[in-house]
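Notes follow once the structure below has been shown.
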Amino acid sequence: AATQADGGEPVAFAGGSFTITETADFEKVLSFDGREIARDYFVSFDRTVEVAGVEVALFEIGPGGNACGPNSYIMWKPEDGELQSVKAGDDCGSPPPSISPDAIHFVPYLMPGESLPVQIWTPDGGLRIAGTLAFTPQPGTSWADLDPAALSYPVDAFSNADVFADARALLGDKLGEVTTGLTVSAGIERLSDGVFTAAGCVPHACGVSDAFMAIDVAGRKLYFAQQAETGAPEAWPAADGWPEEIRKAMQAALVQ
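In the numbering used here, each residue's number is its place in the sequence shown (first place is 1) plus 1384.
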């Protein structure tokens, strides 16, 4: 993306131009024809698109760092009017915009147990909620279909309907928290007894709420654990009832 801060050229749009400049405090300032539109520590031009016959500019703007992603800002200029802008997403960023000929959709990525709104923008309707999207496993899948060795990441196991149902029954309202703790993972390993295990951490927060998962396909059982603020990790079911090899794998992954 061309930016003034990087020595690039202004971005032409709707008879005017966008510029991005940097302040002495390292903030980026987005302006249109000299009028400030937004400022933050991260500002990047995404692209221009046409939606329902209206030229639209998309920018990514946010505080930077690892905690949250940027927000998508939609900018357009009504005929004979001033430049308009609206921010998609929430306080922790926006899903990537998906462009159709008549609308822009923001479809979230869902973790197991999660439900999130889908936003839509049109020139006439503006930005609004199109509905709520809920995580759903693949219909008709079962323990008989599960091959953990073929999975790239531990969270992929929850796309299996039987695994998802058993995990939800075991974890209850902890489902989202524990699966988020498996997001950043090196992959799935196989123990000598044929049980598959994986450990992971929350994105940008490794070492805080790391989680562990074991999948016993033959026994059709799941085991979960997650770091607690103090003491031993929380475990589902209770760790004192786990097979020894699984418990040792969990302790190696989570107990420092």
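Ideal Cβ placement from N, Cα and C applies to all residues, glycine included.
The bridge partners DSSP lists for Tyr1607 are Ala1598. The three-state reading of DSSP puts Phe1490 in strand, counting E and B together. Across the structure, Val1491 and Val1502 are spaced so that their CA atoms are roughly 5 Å apart. According to DSSP, Trp1505 shares a beta bridge with Ile1488, Leu1511.
With contacts defined as CB atoms closer than 8 Å, Leu1555 and Trp1626 fail to qualify as a contacting pair.
DSSP places Gly1625 within a helical segment (H, G or I) once states are collapsed to three.
In this structure Trp1505 is not in contact with Ala1551, their Cβ atoms being roughly 35 Å apart against a cut-off of 8 Å. DSSP places Pro1523 in the coil class of the three-state scheme, outside both helix and strand. Cβ neighbours of Gln1611 within its own chain (closer than 6 Å, five residues either side excluded): Ser1593, Asp1594, Pro1617, Leu1638. Within the stretch 1404-1430, not a single complete alpha helix (DSSP H) segment reaches 4 residues in length.
Pairwise C-beta distances place the stretch 1513-1524 out of contact with the stretch 1573-1593, as fewer than three of them are shorter than 8 Å.
Looking at Val1435, Leu1414, Ser1456, the one whose alpha-carbon comes closest to that of Pro1462 is Val1435. In this structure, the beta-carbon distance from Gly1477 to Gly1453 falls below 8 Å. Residue range 1580-1585 is occupied by the beta strand (DSSP E) that includes Thr1581. Looking at the DSSP output, Gln1468 shares a beta bridge with Trp1460. Each of Tyr1607, Val1562, Ile1572 was checked against the Cα of Cys1585, and the nearest Cα belongs to Val1562. Secondary structure remark: continuous alpha helix (DSSP H) runs of at least 4 residues inside the stretch 1531-1587, in chain order: 1545-1555, 1559-1564. Collapsing the DSSP output to three states places Ala1633 in a helix.
The beta carbon of Ala1623 is closer than 8 Å to those of Ala1609, Ala1616, Pro1617, Arg1631, Met1634 in its chain, skipping five residues each way along the sequence. Excluding five sequence positions before and after Ala1422, the CB atoms of its chain that fall closer than 6 Å to its own CB belong to Leu1414, Ile1445, given in chain order. In this model, Pro1507 and Ser1484 are separated by some 13 Å (Cα to Cα). Closest in C-alpha terms to Glu1629, from the list Asp1486, Asp1600, Thr1614, Glu1613, comes Asp1600.
Look at Asp1474 here: in three-state DSSP terms it is strand. For Glu1618, the enclosing beta strand (DSSP E) stretches over residues 1618-1620. Boundaries of the beta strand (DSSP E) around Ala1396: 1395-1397. In terms of CA proximity to Thr1516, Ser1499 leads the group Asp1529, Asp1531, Ser1499.
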